[in-house]
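Chemist: Pasting a structure below so you can have a look.
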Ligand SMILES: [Zn+2]
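In our numbering, the protein residues as written are 60 to 293.
Here is the structure:
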């Protein structure tokens, strides 16, 4: 099957090449790739500034923002053939540190975590990939191709969760959101703010470009749906 691979930390080594089908040891769920997002991290990896190959290998399959269709759900998942899915990027460190031990591997304390397409595990830029049932998320079919934005949206959802956790230490009824930077993450954050019923402002130094129309559309917008009770809004 075809895959986009590179030699991490070596610029100019990225290529589309034939590699072996995914090994059963990489997970019991078999997925065919529909789309893979490209973000700044991918650009850095391609430029040789970041990234690590799996142990014992020199090349890494790139790609961590995935969208695929289940070909074989395997024996241990609730998925069905044809389901849309996205793969979880990070895996807990093997020690594990106190945070990884309780499933909070985003907050890994010892840096020994691994990440698909970034750090020591092959990514999703291959025609087919396998994944463990506990590290794959079912995507609503109605999202279609937009499901490829699920992974970057989880980054923003995590930020909202942490903001809310800090704010709720005392009475808190925020009305206004300021997002600095109208890149993909900033705009996804602004969408979350509108969805939460806040008055959203998006600030960016650029005046032109693809993000700016979306920035103007999102700024000052309030969702007209009923507000979540004060103190419980993300
Ligand atoms: Zn850890």
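Note that CB positions come from ideal geometry on N, CA and C, so glycine has one too.
Closer than 7 Å between the C-beta and any heavy atom of ligand 1: which residues qualify, listed along the chain?
Modeler: Matched residues: 151, 152, 154, 155, 156, 158, 159, 164, 167, 168, 169, 171, 172.
Chemist: List the residues that DSSP assigns as beta-bridge partners of residue 111.
Modeler: Against the chain shown, residue 111 aligns to sequence position 52. Bridge partners of residue 111: 178.
Chemist: When the Cα of residue 53 is compared with those of 219, 155, 145, which residue comes out closest?
Modeler: The chain is shown only over 60 to 293; residue 53 falls outside these bounds and no answer can be derived.
Chemist: Name the two residues that bound the continuous beta strand (DSSP E) containing residue 131.
Modeler: Walking along the chain shown from the start, residue 131 turns up at place 72. Segment 124–131, the beta strand (DSSP E) holding residue 131.
Chemist: Could you please give the first and the last residue of the uninterrupted beta strand (DSSP E) stretch that includes residue 64?
Modeler: Residue mapping note: residue 64 aligns to position 5 of the chain shown, counting from 1. Counting along the chain, the beta strand (DSSP E) containing residue 64 begins and ends at 61–65.
Chemist: Whole angstroms is fine: what's the gap from residue 117's alpha carbon to residue 110's?
Modeler: As a first step, residue 117 is located in the chain shown; it is residue number 58 there, counting from the start. As a first step, residue 110 is located in the chain shown; it is residue number 51 there, counting from the start. Taking the straight line from one Cα to the other gives about 11 Å.
Chemist: Give me the residue from 247, 242, 277 with the minimum Cα distance to residue 259.
Modeler: As a working note, residue 259 is residue 200 in the chain shown. Of the listed residues, the one whose Cα sits closest to residue 259 is 277.
Chemist: Do residue 150 and residue 164 have their C-beta atoms within less than 9 Å of each other?
Modeler: Here the question's residue 150 lines up with position 91 in the chain shown. Here the question's residue 164 lines up with position 105 in the chain shown. Going by C-beta atoms, residue 150 is nearer than 9 Å to residue 164.
Chemist: How big is the Cα-Cα spacing for residue 269 and residue 275?
Modeler: Numbered from 1 along the chain shown, position 210 holds the residue referred to as residue 269. Numbered from 1 along the chain shown, position 216 holds the residue referred to as residue 275. Going from the Cα of residue 269 to the Cα of residue 275 covers about 11 Å.
Chemist: Please name the residue, chosen from 147, 265, 96, 173, that lies closest to residue 114 on a Cα-to-Cα basis.
Modeler: Position 55 of the chain shown, counted from the start, is the residue given in the question as residue 114. Among 147, 265, 96, 173, the Cα nearest to that of residue 114 is on 173.
Chemist: Nearest to residue 198 by CA position, among 141, 266, 240, 75, is which residue?
Modeler: Within the chain shown, numbered from 1, the residue matching residue 198 stands at position 139. The residue with the shortest Cα to Cα distance from residue 198 is 141.
Chemist: For a test of the three-state rule: what should DSSP assign to residue 185, helix, strand or coil?
Modeler: Mapped onto the chain shown, residue 185 falls at position 126. In this structure, residue 185 counts as strand in the three-state DSSP scheme.
Chemist: Give the C-beta separation of residue 239 and residue 262 to the nearest angstrom, bearing in mind that I take them to be a contact with Cβ-Cβ under 8 Å.
Modeler: One-based indexing of the chain shown puts residue 239 at position 180. One-based indexing of the chain shown puts residue 262 at position 203. Confirmed, about 5 Å.
Chemist: Kindly list the residues whose CB is nearer than 8 Å to the CB of residue 65, restricted to its own chain and excluding five residues on each side of it in sequence; keep chain order.
Modeler: One-based indexing of the chain shown puts residue 65 at position 6. So the qualifying residues of the chain are 72, 73, 74, 104, 105, 110, 118, 119, 121.
Chemist: For the stretch 195–258, list the beta strand (DSSP E) runs that are entirely contained and at least 3 residues long, ordered along the chain.
Modeler: Correct list: 195–198, 235–239.
Chemist: Mapping DSSP to helix, strand and coil, what is residue 88?
Modeler: Here residue 88 refers to the residue found at position 29 of the chain shown. If DSSP states are grouped into helix, strand and coil, residue 88 belongs with the strands.
Chemist: Roughly how many whole angstroms lie between the Cα atoms of residue 182 and residue 253?
Modeler: Mapped onto the chain shown, residue 182 falls at position 123. Mapped onto the chain shown, residue 253 falls at position 194. Cα to Cα, the separation comes out at about 32 Å.
Chemist: By how many angstroms is the C-alpha of residue 85 removed from the C-alpha of residue 205?
Modeler: Mapped onto the chain shown, residue 205 falls at position 146. Mapped onto the chain shown, residue 85 falls at position 26. Approximately 26 Å, taken between the alpha carbons.
Chemist: Between which two residues does the alpha helix (DSSP H) carrying residue 266 extend?
Modeler: One-based indexing of the chain shown puts residue 266 at position 207. From DSSP, residue 266 is part of no alpha helix (DSSP H); its letter is neither H nor E.
Chemist: With DSSP run on the structure shown, which of helix, strand or coil describes residue 68?
Modeler: By 1-based counting over the chain shown, the position of residue 68 is 9. If DSSP states are grouped into helix, strand and coil, residue 68 belongs with coil.
Chemist: Measure the CB-CB distance between residue 138 and residue 93 and report whether it falls below 9 Å.
Modeler: Translated into positions along the chain shown, residue 138 becomes position 79. Translated into positions along the chain shown, residue 93 becomes position 34. No, these two residues do not count as a Cβ contact at 9 Å.
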